[in-house]
Every structure is written in C-alpha cells, then in structure tokens.
Amino acid sequence: MDNRVGRGGAEVLETEKMLAKLVKWLLMGSIAGVMAAVGIMAFLKLLYMGIDLAEKASALWWVLLPVGGLVSTNILKLAPMAAGHGTEAVIRSVNKLEGYMPLAVAPIKAAATIISISAGASLGKEGPAAQIGGAITSTLGRLLRLDEPDRRRITLCGMAAGFSIVSGAPIAGAIFAAEALVMSSLNYTYILPCLVTSITSLYTARVLDAWLGLHAFHPLWDIEEMGALFEGVKPFSVREMLPFFLLTLVGALLIGFAARLFVKSAEISERIFHRIKLEASLKTALGGILLILMALVFGRQYLGLGIHELSDPALAGESVPYLAFALKILFVAVSLGCGFSGGAVTPIFVIGSVAGAALGRALGMDIRFAAGIGMVTFLAGAANTPITATILGLELFGPAFGVFGTLAALVAYCVSGNSSINASQIFGGPKPCYENGKGKAGMSFEEMHEGH
Numbered sequence: 151m152d153n154r155v156g157r158g159g160a161e162v163l164e165t166e167k168m169l170a171k172l173v174k175w176l177l178m179g180s181i182a183g184v185m186a187a188v189g190i191m192a193f194l195k196l197l198y199m200g201i202d203l204a205e206k207a208s209a210l211w212w213v214l215l216p217v218g219g220l221v222s223t224n225i226l227k228l229a230p231m232a233a234g235h236g237t238e239a240v241i242r243s244v245n246k247l248e249g250y251m252p253l254a255v256a257p258i259k260a261a262a263t264i265i266s267i268s269a270g271a272s273l274g275k276e277g278p279a280a281q282i283g284g285a286i287t288s289t290l291g292r293l294l295r296l297d298e299p300d301r302r303r304i305t306l307c308g309m310a311a312g313f314s315i316v317s318g319a320p321i322a323g324a325i326f327a328a329e330a331l332v333m334s335s336l337n338y339t340y341i342l343p344c345l346v347t348s349i350t351s352l353y354t355a356r357v358l359d360a361w362l363g364l365h366a367f368h369p370l371w372d373i374e375e376m377g378a379l380f381e382g383v384k385p386f387s388v389r390e391m392l393p394f395f396l397l398t399l400v401g402a403l404l405i406g407f408a409a410r411l412f413v414k415s416a417e418i419s420e421r422i423f424h425r426i427k428l429e430a431s432l433k434t435a436l437g438g439i440l441l442i443l444m445a446l447v448f449g450r451q452y453l454g455l456g457i458h459e460l461s462d463p464a465l466a467g468e469s470v471p472y473l474a475f476a477l478k479i480l481f482v483a484v485s486l487g488c489g490f491s492g493g494a495v496t497p498i499f500v501i502g503s504v505a506g507a508a509l510g511r512a513l514g515m516d517i518r519f520a521a522g523i524g525m526v527t528f529l530a531g532a533a534n535t536p537i538t539a540t541i542l543g544l545e546l547f548g549p550a551f552g553v554f555g556t557l558a559a560l561v562a563y564c565v566s567g568n569s570s571i572n573a574s575q576i577f578g579g580p581k582p583c584y585e586n587g588k589g590k591a592g593m594s595f596e597e598m599h600e601g602h
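Position 340 of the sequence shown, counted from 1, bears residue number 490 in this note's numbering, the numbering being contiguous throughout.
Put into structure tokens, the structure is as follows:
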C-alpha cells in the first residue's frame, strides 16, 4: 500500500514537472517570438528600402557590387560571428557554442546583408533573418540565466522565427530549426519551443506590419495563392498515376544531384577565394567584379534575391530557361565564396523551383506542379531536411501535393550524398541507400571535409 502511494506521489510530481516545463516554454517561446519578430521586421523593412534605393540607382549597378562588397565585409569585422549565410551560424552556435550568439550580431548582420543584397549579391533573406532572430533569443536566454540545454533551445527558436516570417510557413519553420542540426536525426525536445516561437513570431510580424504600416511583411509565398495555384493540378487518375509517379522519381533523382552540385559549388568557391592572397574586403570586391562580368554575359536576373525574376514565373507555370538553375547556382556560389553577407535558403528555393520547372517542361509534366516539387525537393537535398521539405510542401500546396512531394523529398535527400550547405550540421548516421564513406557520427560536415 505504501509503495503504491509512493509510486502515485512520484507520478503526480512528474506530471507537475511536465506541466511546469510546458507552461515555461509556452511563455518563453511566445516572448522569444515577439522579440525576434520585432528585430526581423526591422531588418526586412530596411532591406526593402535598400533594394528600392538600389533600383532607383540601377544605372550604377556595376558600381554597387564591388563597393557593396568592400563596405559589407568591413562592417562584418565589427562582429565576426555575423559572417556566413545565417542559418549555418545559428547551427554552429547551437551545435558547438551552447547556443551563444552576442546581440551585436543582429544589427551587424542586418547592415551587411542589406548592403550586400541591395548591391546585387545573389543571396537570400531567410538566413540573415534566422541569425538575427537567433542573436535576439540567445540574448534573452542569457538574461533569463537559462541552463545550457535551454539556451540551445531558445537560440534555435530564433532561427524558427526567421524561417517562419520569411516563408510564411510556421510549422515548416519549427521543424526546420530542429531537423537542420543533425542529419538523419531529429531531436523532438526542440519542436515545441520552436513551434510556439514560430507561430507567435509570424502573427506578431503580421500585426506589426498592419498597425505600423511597415509594408515589410512579404513572405516568399502567399499560402492561399499557392493552394489555389495547385487546386486544379490533380494528376491522380489510375491512368495517370504510374507515369506521373515515374516522372516524379526521375525528376527527384536529378534534383537531388543538382542539390549536390550546389553544395559542392559553394564549397569550391569558398576554397578558391580563401586561397587568394588579398584582404577580406578586397576579395569580396573582386567577387563583385566577377558577378558584374557574369551578369553582362548571362543577364542581371541572376543577381539579387531572384524571387520575382525566376521563382515566381516558374511557380506560375511560365517557361524558364533550361539552364537557369545552373546559372543561379554559379551566381550564388560566387556570392557566398567571396564573402558577401546573405542567406542560402532563399536561393535554394529559387534554384529548386526553376530546376523543377525546367524538368517539368522537359518531361511533359505540369510546370507549376514540377516547380513546386523542385523547390521543396532541392531543400531536402541541399540542407538534409526531408521532413521539413514535405511539411513545407503540404503547408504551401495542400494535400494533393503530399504523395509526390514526400517521395521526391526523400529520393533527393538520399542521392544528394554526405554533404550539406550548412557545414556545422552534424553527421548523425548514413542516409538510406548511401554508403557511410568517411563520415563518422558526431562529426560536423566541416570536420569530415577537413579529414579530422
């Protein structure tokens, strides 16, 4: 009898602890979401202002790139942890630095990215938004004197906020933050805090945009529009199912190899610029000059974010050049390698959508559907996040997308190899159908490539 009472008391105590932790993260996740949203929305407002100013001075676009490279790189010297493409910096902070990221990273990253993207660097806004959010929530964790596991969680919440606000997909944002840390492994303890922050930050951003008239809340996609876009794309009759299944499989294989090419191109570009014996800001200016020459040959549509020029037409079913994805990969690789400040996730979406559209046209698929599959599939392959990719596809395109999108994401993830656009992502184990190679569980991809 006494033992039963003792066990019952222990269960009650355990339940109370569980509820206390739940309430704690509902509160802290919400506070983190509001704080991160304020910082991220300020960044986005200033970014769009910078892009507008650059468009008004478009006659001088060839001057902006090298000058922007000089200025942005020197700004990054004020907070070295602000360097990189954003998402990678948060992953490094959580995996290697116990979630530490100084608050100074937020304004420095914002300033360097605004200058870089406005000048024409072929980078994105999601990564910087994630890093700004991470710096803010990491600071909150230190103010609250959280222990090490909770500091990691709350820093990761900032990354979820950045993904959520920029993409407009809060569930995918929360899963991405948890899944991007370790390949082939998902820590479920991160999901609840990240989801609370992801949802809170998204709605805070909407409220701030409406109340203050910021006109800065412009998610990459309007979910209602995307759902309507795919509403009429239902290739699921018995006659259509098998050929469409096979076409999706072929497309996913090719997208997976393209994702591998993207990661390898970024790595090679970084190594090449690292070997150039110039001061860092001069390397970035040199990269800006190279981007100018490339734009003169291939077109200026590959500079900047590339959303309106490339991704939106692809998702609308318009024809895009077959090699647009390869050229965008080249422009992004140079921008990352030479030291411009900006993100890699938005370019992943752009490259994936145009690659999917090109494959759709070549294989006789509906271009809109193929572009959507390509977009999420490329994310699965380049960032090793197939669950995020599947959920993002469902959030954007609805249940009709699910069967083929899930298949494509998993196939691309499998064939993209032991590589990641996020060098600090930890190798958690081999992928299905892929040899372990020199990978060792617990090592980051950066350490694997260095041969440690």
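The beta-carbon is built from N, C-alpha and C at its ideal position, and this holds for glycine as well.
If you draw a straight line from the alpha carbon of I498 to that of L529, how long is it in whole angstroms?
-> So the alpha carbons of these two residues sit roughly 6 Å apart.
Please specify which runs of the beta strand (DSSP E), each continuous and at least 3 residues long, are wholly inside the segment 434-512, giving them in chain order.
-> Segments of the beta strand (DSSP E) lying fully in the segment 434-512: there are none.
CA-CA distance, L345 and T287?
-> Approximately 14 Å between the Cα atoms of the pair.
When DSSP labels each residue in this structure, what does F367 get in the three-state scheme?
-> DSSP places F367 in coil when its eight states are reduced to three.
Quick one: what's got a C-beta closer than 6 Å to A261's C-beta in the same chain, skipping five residues either side?
-> Once the five neighbours on either side are set aside, the close Cβ partners of A261 are I225.
Hey, quick one: how far does the alpha helix (DSSP H) through S268 stretch, first residue to last?
-> 255-269 is the extent of the alpha helix (DSSP H) around S268.
Would DSSP call A574 helix, strand or coil?
-> Correcting the residue type first, residue 574 is Ser in the shown sequence and not Ala. The answer is coil: DSSP assigns S574 none of H, G, I, E or B.
What residue from T339, Q575, R421, C583 has the CA that sits closest to M168's CA?
-> Distance from the Cα of M168 is smallest, within the candidate group T339, Q575, R421, C583, for T339.
Taking contact to mean at least 3 C-beta pairs separated by less than 8 Å, is the segment 314-328 in contact with the segment 262-271?
-> As far as the Cβ criterion goes, the segment 314-328 does not touch the segment 262-271, which means the pair count is below three.
Alpha carbon of L404 to alpha carbon of A562, nearest angstrom | Cα to Cα, L404 sits roughly 8 Å from A562.
Nearest to L247 by CA position, among V221, P320, L331, is which residue?
-> Of V221, P320, L331, the residue nearest in Cα terms is L331.
Measure the CB-CB distance between L480 and M444 and report whether it falls below 8 Å.
-> Cβ atoms of L480 and M444: closer than 8 Å.
Distance between D359 and I576 (C-alpha atoms, nearest Å) | Near 37 Å, if we compare the C-alpha coordinates of D359 and I576.
Kindly identify the DSSP beta-bridge partner or partners of G274.
-> Beta-bridge pairing links G274 to G493.
Roughly how many whole angstroms lie between the Cα atoms of F326 and T538?
-> Just so you know, the alpha carbons of F326 and T538 end up roughly 5 Å apart.
Same chain, Cβ closer than 6 Å to A355, neighbours up to 5 away in sequence not counted = Closer than 6 Å at Cβ, skipping near neighbours: A187, M191, I315, F367.
Closest residue to A430 among M178, E375, F193, F490 (Cα-Cα distance) = Of M178, E375, F193, F490, the residue nearest in Cα terms is F490.
DSSP three-state assignment for M391, whether helix, strand or coil | The three-state secondary structure of M391, taken from DSSP, is helix.
What are the boundary residues of the alpha helix (DSSP H) that includes F307?
-> Sequence inspection shows Cys at residue 307; the Phe mentioned does not correspond to that position. For C307, the enclosing alpha helix (DSSP H) has its first and last residue at 298-317.
For the segment 207-226 and the segment 275-295, state whether three or more C-beta atom pairs, one from each stretch, are separated by less than 8 Å.
-> A contact between stretches requires three or more CB pairs, one per stretch, nearer than 8 Å, and the segment 207-226 fails this requirement with the segment 275-295.
Tell me, please, which residues DSSP counts as bridged to M333.
-> M333 is bridged to F577.
Below 6 Å CB to CB, which residues in the same chain sit around V482 once its five sequence neighbours on both sides are set aside?
-> Non-local beta-carbon contacts of V482 in its own chain, meaning distances under 6 Å to residues more than five positions away in sequence, involve S272, P497 in chain order.
Beta-carbon separation (whole angstroms), M305 vs G236, contact threshold 8 Å | Note that residue 305 is Thr in the sequence shown here, rather than Met. About 13 Å separates the Cβ atoms of T305 and G236, ruling out a contact at the 8 Å cut-off.
CB of G548 within 8 Å of CB of M525, strictly | No.
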